[in-house]
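Encoded as structure tokens, the structure appears first; notes follow it.
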Amino acid sequence: MDRIGVATTGGVLPAAQMVETAREFADRMAARRSIRHFAPDPVPMEVIEEAVRAASTAPSGANLQPWRFVVITDPERKRRLREAAEAEEREFYQRRASAQWLEAIAPMGTDWRKPFLEVAPVVIVVFEVHQGPRTPKPYYVKESVGIAVGLLITALHQAGLATLTHTPSPMRFLNTVCERPAEERPYVVMPVGFPAPDAWVPDLERKPLREVLVRR
1 MDRIGVATTG GVLPAAQMVE TAREFADRMA ARRSIRHFAP DPVPMEVIEE
51 AVRAASTAPS GANLQPWRFV VITDPERKRR LREAAEAEER EFYQRRASAQ
101 WLEAIAPMGT DWRKPFLEVA PVVIVVFEVH QGPRTPKPYY VKESVGIAVG
151 LLITALHQAG LATLTHTPSP MRFLNTVCER PAEERPYVVM PVGFPAPDAW
201 VPDLERKPLR EVLVRR
């Protein structure tokens, strides 16, 4: 077996530069917001491909990389996706959602209507890949795919694109819309594009560092 040595970055940069690099990245990510109002303008497909390539570098259980990224740009398929998602969301908002959950998401201003699934120029549907006729048994699937999605969100934001994580429930209709086999299970739907000129986001505050960082 060939062994590839990977040099660490520790000690390569001066400490002050390391801190500044980390701070600049944190500041840039602090400006990220989930967008629900997209412009229909096309985005460079190479940007999407490179963002998916970045997501695919995520660590995964046994390095089995149990993810699939389905990139949808076809208007008819996006229409079908929206119709199916709205059918599930309508049922959720009207019958299945608890009063507590509806109260929690009220500041977001969301309801069962999901026009962004059709307006955004690109929709990425992320699937977990489980054991099947052509795939081995994976390990830590949700953890692995979750890390990959985090990298995808980061890469898209770094490239100047907006996105949103949408999780209609249940999501099995996505296998039909995306023509994916049963061993692939939907994880999240991500519309991607530029924010609409009149896009707005709720005035939400993130928890300060002192509340999320514990030193021991």
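Position 138 (the sequence shown) corresponds to 138 in full-length UniProt numbering; numbering is contiguous. Ideal Cβ placement from N, Cα and C applies to all residues, glycine included.
Nearest Cα to L204 within the set A22, A16, I35, E83: I35.
Here P202 is near G109, since their CB atoms are less than 8 Å apart. Only residues of its own chain outside the window of five on either side were considered, and among them L151 have a CB closer than 8 Å to the CB of T57, listed in chain order.
For G132, the pairing in a beta bridge is given by DSSP as T135. Taking a C-beta distance under 8 Å as the contact criterion, V125 and V189 qualify as a contact pair. W112 carries a coil assignment under DSSP once its states are collapsed to helix, strand and coil. The region 119-183 is shown to contain whole alpha helix (DSSP H) runs of 4 or more residues at 141-158, 173-178, in chain order. One Cα belongs to T135, the other to P191, and the distance between them is close to 27 Å. A distance of 8 Å or more separates the beta carbons of T73 and V119. Beta bridge pairing from DSSP links R206 with no other residue.
Collapsing the DSSP output to three states places R82 in a helix. By the Cβ test, the region 154-164 is in contact with the region 44-52, since at least three Cβ pairs between them sit closer than 8 Å.
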